[in-house]
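Student:
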Amino acid sequence: MSYLSYPEAGATRLGPLPGGYHHLHHRARVGRGRADLRAAGAAVTEWRMHRTSGARVDASAPRAGDGVRVRVSLGVGPLRFAAPCQVVWTAYEQDRVGFAYGTEARHPERGEESFMVELADDGAVWFTVTAFSRPAAWYTRLAGPLVPVLQRWYARRLGSTLRRIVDEERGRRG
């Protein structure tokens, strides 16, 4: 059963991103080689990247899978904002690992966000966040242009967090 609050489910996988939304695309190099791809892919799909970045994650499964419901919250005390989502697609492939979740009712935004880790031909491991969103709550409409700025900041934070996780895993491997 789908609880999504928008009709364009899967657009971050298939493209193009739909009109009428703010679009976000952020790409960061997080490692090199297949071992780093595995470490990054696990951190992304098992919610570790989000949790390590400071988000609280409550998920209906320990790993991203189609239909898994996720509640991500950021902030402190009365300034904590909860974002209920549902995983709309996953990729567990040889050179690509990731997923996308879409917004549910009561999410402050309406849209979809994907988190993908890919091994490039040159051996570099890249993390990409792709999203489309628009305000769904009075306070996100009121915040106006501040919301996309915060979304870009959070995407960069996820990239640097993932790079740090991969570096730590590489250190453990020796």
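Add 7 to the 1-based position in the sequence shown for our numbering, that's all there is to it.
Backbone N, C-alpha and C fix where the C-beta goes; we use that ideal spot for every residue, glycine too.
Since the model is a prediction, treat every value here as computed from it, not as a measurement.
Rank V94, H32, R164 by C-alpha distance to the C-alpha of G17 and give the top, closest one.
Tutor: Among V94, H32, R164, the Cα nearest to that of G17 belongs to V94.
Student: Restricting to Cα atoms, I'd like to know which of A42, D129, R76 is closest to S9.
Tutor: The candidate whose alpha carbon is nearest that of S9 is R76.
Student: According to DSSP, is H57 helix, strand or coil?
Tutor: Helix.
Student: Which partner residues of R103 appear in the DSSP bridge assignment?
Tutor: Paired residues: E125.
Student: For the region 109-116 against the region 137-156, do three or more pairs of beta-carbon atoms, one drawn from each stretch, fall closer than 8 angstroms, so that the two count as touching?
Tutor: Touching, per the Cβ criterion.
Student: Assign L169 to buried or exposed, taking buried as 16 or more other Cβ atoms, counted over all protein chains shown, within 10 Å of its Cβ.
Tutor: Buried, because 16 or more other Cβ atoms sit within 10 Å of the Cβ of L169.
Student: Can you tell me whether F122 is buried or exposed? The criterion is at least 16 other CB atoms within 10 Å of its CB, across all chains shown.
Tutor: Looking at its Cβ environment, which holds 16 or more other Cβ atoms inside 10 Å, F122 is buried.
Student: Mapping DSSP to helix, strand and coil, what is R78?
Tutor: Strand.
Student: Count the other C-beta atoms from every protein chain shown that fall within 10 angstroms of the C-beta of E120, then say buried if there are 16 or more, exposed otherwise.
Tutor: It is buried - the Cβ of E120 has at least 16 other Cβ atoms within 10 Å.
Student: For G48, which option in C92, T59, G74, F106 has the closest C-alpha, if you only look at C-alpha atoms?
Tutor: It is F106 whose Cα lies nearest to the Cα of G48.
Student: I need the DSSP call for R141, collapsed to helix, strand or coil.
Tutor: Of the three classes helix, strand and coil, the one that applies to R141 here is strand, per DSSP.
Student: Between the alpha carbons of E187 and D43, how many angstroms are there, rounded?
Tutor: Here the chain has residues from 8 to 181 only, and residue 187 is not among them.
Student: Check G27 in the structure and name its three-state DSSP category.
Tutor: The answer is coil: DSSP assigns G27 none of H, G, I, E or B.
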